[in-house]
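In this text, residue positions in the sequence shown follow my numbering: the first is 47, and each later residue adds one. Take a look at the structure set out below.
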Amino acid sequence: MVSIGEEALQIITAATNLEVNNIVPVALPDSILANGLAIKREEFKGFKSNGMLCSYTELGLDPEYLSNEEKVGILILPEDTSIGLKFEDILPIDDTVLELSLLPDRADAFNVNGLARWIETLKARDNGKRADFSKFTPEVNLSFQGETNFEIDIKNPEMCPFYSGRIIKNVNVKKSSLKLRQKLFMLKIRPINNIVDITNFINKFYGQPLHAFDFDKLDEKIIIRLAKKGEKLKTLDEVERNLTDDNLVIADSKKPIAIAGVMGGKSTSVKEDTKNIILESAYFSPKRIAQSSRTLGLITDASTLFEKGADSNFTPIASLIATKLICEETGGIPYKDNAISYLVKPDTVKVRLEKINSLLGELINKEDVKKYFDFEGLKYKDKGSFIEVYPPSFRQDLKIEEDLVEEVIRMKGYNEFRETLLSGEFRGSKRTEFEDFIWFLKDKLVALGLTEIQTTSLINTEKLKIIGLDEEKRLIKLLNPLTEDMNILRPSLLTPMLDVLERNINAGKNSISMFEIGKVFRKDASFQEYMELGIMLSGDKISKNAFKKAFSYDFFYLKGIVEEFLDSVRINYDFEEHALPFMHPYQSAKIISLNKEIGYIGKIKDEIFKNVFYASIYIDGIFNESLFLCNPHSSSVDYKLKNFEDFSIYPTVKRDIAILVEESVSEKKVRETI
Numbered sequence: 047m048v049s050i051g052e053e054a055l056q057i058i059t060a061a062t063n064l065e066v067n068n069i070v071p072v073a074l075p076d077s078i079l080a081n082g083l084a085i086k087r088e089e090f091k092g093f094k095s096n097g098m099l100c101s102y103t104e105l106g107l108d109p110e111y112l113s114n115e116e117k118v119g120i121l122i123l124p125e126d127t128s129i130g131l132k133f134e135d136i137l138p139i140d141d142t143v144l145e146l147s148l149l150p151d152r153a154d155a156f157n158v159n160g161l162a163r164w165i166e167t168l169k170a171r172d173n174g175k176r177a178d179f180s181k182f183t184p185e186v187n188l189s190f191q192g193e194t195n196f197e198i199d200i201k202n203p204e205m206c207p208f209y210s211g212r213i214i215k216n217v218n219v220k221k222s223s224l225k226l227r228q229k230l231f232m233l234k235i236r237p238i239n240n241i242v243d244i245t246n247f248i249n250k251f252y253g254q255p256l257h258a259f260d261f262d263k264l265d266e267k268i269i270i271r272l273a274k275k276g277e278k279l280k281t282l283d284e285v286e287r288n289l290t291d292d293n294l295v296i297a298d299s300k301k302p303i304a305i306a307g308v309m310g311g312k313s314t315s316v317k318e319d320t321k322n323i324i325l326e327s328a329y330f331s332p333k334r335i336a337q338s339s340r341t342l343g344l345i346t347d348a349s350t351l352f353e354k355g356a357d358s359n360f361t362p363i364a365s366l367i368a369t370k371l372i373c374e375e376t377g378g379i380p381y382k383d384n385a386i387s388y389l390v391k392p393d394t395v396k397v398r399l400e401k402i403n404s405l406l407g408e409l410i411n412k413e414d415v416k417k418y419f420d421f422e423g424l425k426y427k428d429k430g431s432f433i434e435v436y437p438p439s440f441r442q443d444l445k446i447e448e449d450l451v452e453e454v455i456r457m458k459g460y461n462e463f464r465e466t467l468l469s470g471e472f473r474g475s476k477r478t479e480f481e482d483f484i485w486f487l488k489d490k491l492v493a494l495g496l497t498e499i500q501t502t503s504l505i506n507t508e509k510l511k512i513i514g515l516d517e518e519k520r521l522i523k524l525l526n527p528l529t530e531d532m533n534i535l536r537p538s539l540l541t542p543m544l545d546v547l548e549r550n551i552n553a554g555k556n557s558i559s560m561f562e563i564g565k566v567f568r569k570d571a572s573f574q575e576y577m578e579l580g581i582m583l584s585g586d587k588i589s590k591n592a593f594k595k596a597f598s599y600d601f602f603y604l605k606g607i608v609e610e611f612l613d614s615v616r617i618n619y620d621f622e623e624h625a626l627p628f629m630h631p632y633q634s635a636k637i638i639s640l641n642k643e644i645g646y647i648g649k650i651k652d653e654i655f656k657n658v659f660y661a662s663i664y665i666d667g668i669f670n671e672s673l674f675l676c677n678p679h680s681s682s683v684d685y686k687l688k689n690f691e692d693f694s695i696y697p698t699v700k701r702d703i704a705i706l707v708e709e710s711v712s713e714k715k716v717r718e719t720i
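This is how it looks when you write it as structure tokens:
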């Protein structure tokens, strides 16, 4: 017999994993299971069955979030589950999950609690009342065993203004309860164990990244410091990472145990044999976490939240909520936390009414502005000529006057602003002489059969190592790169052009002829910008067909393009033998004008990229822009003047000359001698 609360029913089952007093899900007659099966009263060998005991498949649960035991036979629910409740009241399997696309600066909305708080703001606006956010900071009542007797030392308070460590002893690390795992499933988080699952849940629900260390594997104390050169750490993803002094780490007295705000270390991770933990809840500098994350090429949910700006005031509360959940899930014994705080009050933001009206193009009175701030629960003071606003700690995006103007727009409503046509006279800009000649050069190169491309000025250091252009002292590195693939300013057009070539070849194109005119950046005595032309050829100029053989690009075809280009701007030039680390030793040359190198040309080594021919001409810097300006009086360029001569009255005569010289004599020397 199966008790369903008010009555007991006879239900027949063939499952072998049941025991007396097990609590299980029951489908009553007229129910429809997740697999579409309709439940009816049935009779088996003379015994009536008034329903069906359900496994996870009949309930539509994802097996990824279940233990092996829960996948076998009937699903056994926790012992403290109330009998007679609807299954969706225990596990909200039919709940609606909304996926939202959020603005990157709204860190407060990157969690469930923050989204609910914003909905409260919209409700306050619709009701014309001030928003009340008190219910979004839960009260947590806990009794503690004693003090956390563990030293915490913050070496860089500006990078870690708040750090809390709390010891929880006698934890039972195991699979999380089904209810918690179902919540994680809806948040698209893979369950690991009950402690890690709770820290991940707090991260997604409240927007506060937490981390738990195996307390028994720590040595003496916790130190928040910058990594030392040469230190290494194997992170939770099983990757051993080389740390730099840009990386803020959590360490004990001997070694780093986590990359602060990014990822924990493998050696102190919580496992099934863990008995005591120390729960970390901290606030880290967004700039420092961004820099650390980019230098390591490691972006996680935690680093993203810290980088955007977590709620510093919620940090200790998140620790309490997590502690309560951990104790409920594991039976652990909590201790008071050891917390160190260097937090300061956030800056106030002043907003002027005339600034609001000038940006919005519409008159809004001060009382309406204050009403809009009330809707958002913002604290403020009317100072007469301006309103001084005290942004809450969870609104890290409110930093300047324009941010508050944006809030006025949101609360008033975008559709409430009148549409107005632009008025005034349109005047086009006039190009400079320099820009005119850039266009002349581009037209000439297009006429030579090349396609113009434009690439990003930011590239990856590793790609420069492949071609041997990674001279450390001349590279300009970004202090805070967006990604690890964009961490330096390009010192040459070659690397980004090779990237474009690779994408085109992967797309099935076998004939590439392209150029780019753009700036390159090098560190000489100081940071310098130079204008450079890059020309790249690869594949077949003419593909093989029924009437013609294939004609592939080669060194001499590229040399002809370069000669035609330089002739068009009337520059005296010559080619001299020259070997670069990424060029074929016998198919490369430098371009000389006035005894100065103005570029190079050659075939890229096959081990870098097969059958690629590249030329680079230093338009800016060495040419001193005289190539663009075509200035015959410039001393920087050997300028070729063209004088008219009368046509010859005699017919053309051609003679062939055969000369035998030593192999070491260059073509240039022979030509000059003749």
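The C-beta atom is built at its ideal place from N, Cα and C for all residues, glycine as well. As the structure is a computational prediction, the values presented were derived from the model and not from experiment.
| query | result |
| --- | --- |
| In its own chain, which residues sit with a C-beta less than 6 Å from the C-beta of Gly-514, not counting the 5 before and 5 after it? | Pro-627, Phe-628 |
| Ordered along the chain, which non-local residues of its own chain (more than five positions away) have a Cβ less than 6 Å from that of Leu-673? | The predicted model places Leu-673 with a pLDDT of 45, which falls under 50 and marks its position as unreliable; any figure quoted below should be read in that light. Counting only Cβ-Cβ distances below 6 Å, and skipping sequence neighbours, we find Val-615, Ile-665. |
| Grouping DSSP H, G and I as helix and E and B as strand, with all else coil, what is Arg-741? | Given that the chain is displayed from residue 47 to residue 720, the structure contains no residue 741 and the question cannot be resolved. |
| Can you tell me whether Ile-241 is buried or exposed, with buried defined as 16 or more other CB within 10 angstroms of its CB? | buried |
| Since Thr-320 and Asp-383 are thought to touch, with beta carbons under 8 Å apart, how far apart are those beta carbons, to the nearest angstrom? | That pair is no contact at about 19 Å. |
| Smallest Cα separation from Glu-623: which of Ser-710, Gly-580, Tyr-603, Leu-640? | Ser-710 |
| Which class does Phe-573 belong to by DSSP, given the choice of helix, strand or coil? | strand |
| My output table needs one value for Pro-109: the three-state DSSP class, helix, strand or coil. | helix |
| Specify the secondary structure class of Asn-384 as computed by DSSP and reduced to three states. | strand |
| Classify Tyr-460 as buried or exposed, calling it buried when 16 or more other Cβ atoms lie within 10 Å of its own Cβ. | exposed |
| Going residue by residue through the region 395 to 419, where are the continuous alpha helix (DSSP H) segments of at least 4 residues, counting only ones entirely within it? | 399 to 406 |
| Can you tell me which of the three DSSP states Phe-179 falls into? | coil |
| Going along the chain, which residues of its own chain have a beta-carbon closer than 6 Å to the beta-carbon of Leu-233, five neighbours each way excluded? | Lys-250 |
| Give me, in chain order, the residues of the same chain whose beta-carbon lies closer than 7 Å to that of Glu-277; leave out the 5 immediate sequence neighbours on both sides. | Leu-289, Pro-302 |
| From Leu-496 to Ser-338, what distance separates their C-alpha atoms? | 42 Å |
| Which same chain residues end up closer than 7 Å to Ile-78 when comparing Cβ atoms and leaving out the 5 residues on each side of it in sequence? | Ala-84 |
| Of all the alpha helix (DSSP H) runs that stay within the bounds of the region 137 to 209, which reach a length of 4 or more residues? | 158 to 173 |
| Taking the beta carbon of Arg-473 as the centre, do at least 16 other beta carbons fall within 10 Å, making it buried, or is it exposed? | exposed |
| Please list the terminal residues of the continuous alpha helix (DSSP H) segment that includes Lys-29. | With the chain represented from 47 up to 720, any question about residue 29 goes unanswered, as that position is not in the structure. |
| Which residues in the same chain as Val-66 place their Cβ atom closer than 6 Å to its Cβ, once the five residues preceding and following it in sequence are excluded? | none |
| Considering only residues of the same chain and omitting the five flanking positions on each side of Ser-714, which have a CB-CB separation below 8 Å? | Note on identity: in this sequence residue 714 is Lys, with Ser being the wrong assignment. So the qualifying residues of the chain are Asp-620, Phe-621, Glu-622. |
| Out of Lys-700, Val-699, Arg-717, Ser-128, state which residue places its alpha-carbon closest to the alpha-carbon of Val-707. | Arg-717 |
| Terminal residues of the continuous alpha helix (DSSP H) containing Met-457? | 447 to 458 |
| Kindly list the residues whose CB is nearer than 6 Å to the CB of Ile-638, restricted to its own chain and excluding five residues on each side of it in sequence; keep chain order. | Asp-620, Glu-622 |
| Would you kindly check if the distance between the Cβ of Tyr-436 and the Cβ of Lys-425 is under 9 Å? | yes |
| Would you say Asp-443 and Gly-355 are within 9 Å of each other, going by their C-beta atoms? | yes |
| Take Tyr-102 as the anchor and find which of Asn-81, Arg-87, Phe-90 has the nearest alpha-carbon. | Asn-81 |
| Would you kindly check if the distance between the Cβ of Phe-179 and the Cβ of Pro-438 is under 9 Å? | yes |
| Buried or exposed for Ala-493, please, with buried defined as at least 16 other CB atoms from any protein chain shown within 10 angstroms of its CB. | exposed |
| Using 9 Å as the threshold, is the C-beta distance between Pro-71 and Phe-156 below it? | no |
| Is the beta carbon of Gly-585 sitting closer than 9 Å to the one on Lys-555? | yes |
| When DSSP labels each residue in this structure, what does Leu-626 get in the three-state scheme? | coil |
| Looking at the unbroken beta strand (DSSP E) that takes in Asp-243, where does it start and where does it end? | Careful: Asp-243 lies outside any beta strand (DSSP E), inside the alpha helix (DSSP H) at 240 to 252. |
| Give the DSSP-derived three-state secondary structure of Gly-307 in the structure shown. | coil |
| Using the rule of at least 16 other Cβ atoms within 10 Å of the residue's Cβ for burial, across every protein chain shown, is Asp-702 buried or exposed? | exposed |
| What are the residues that DSSP puts in a beta bridge with Gly-645? | Ile-637, Ile-663 |
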